[in-house]
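Everything on this sheet refers to the single structure shown next.
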Amino acid sequence: MAIKINLAAIMADKKVRSKELAQAIGITEQNFSILKNQKAKAVRFSTLEAICKYLDCQPGDILIYQDDELNQ
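If you count the sequence shown from 1, position 37 lands on 311 in my numbering, and the numbers rise without skipping.
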């Protein structure tokens with residue numbers, strides 16, 4: 275997948291636990307785990323906005339584009 279979710283690194287830097295963030299943004303821990311572990315096929319803008327607001331970051335800090343062809 276060319277779009278990567280960089281949540282783990284940002285959360286570690288800000289010392290935020292998955293359970294805490296999931297509760298703060300209003301999704302289940304299971305759905306948050308899917309997002310954090312690169313298993314999500316899509317992210318709602320409202321979820322992305324809530325994450326950015328809670329972590330005080332920009333969408334570009336969370337979403338990273340990596341060309342899969344260059345990594346092969």
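Idealized CB from N, CA, C, for every residue including glycine.
With H, G and I counted as helix, E and B as strand and the rest as coil, what does DSSP make of residue i?
i: residue 338; result: strand
i: residue 278; result: strand
i: residue 343; result: coil
i: residue 284; result: helix
i: residue 311; result: coil
i: residue 216; result: In this structure the chain extends from 275 to 346, so residue 216 is not present and cannot be described.
Quick check on this structure: which residue in the options has the alpha carbon closest to the alpha carbon of residue i?
i: residue 320; options: 278, 286 and 300; result: 300
i: residue 323; options: 278, 298, 288 and 341; result: 298
i: residue 284; options: 335, 277 and 311; result: 335
i: residue 339; options: 318, 312 and 331; result: 312
Sorted by chain position, which residues of the same chain lie with C-beta nearer than 7 Å to residue i's C-beta, five sequence neighbours on each side aside?
i: residue 333; result: 322 and 326
i: residue 296; result: 302, 303 and 306
Taking 8 Å as the cut-off, decide whether the C-beta atoms of residue i and residue j are in contact.
i: residue 288; j: residue 329; result: yes
i: residue 277; j: residue 310; result: no
i: residue 308; j: residue 316; result: no
Return the chain-ordered list of same chain residues with a C-beta closer than 8 Å to the C-beta of residue i, the five sequence neighbours on each side being excluded.
i: residue 293; result: 303
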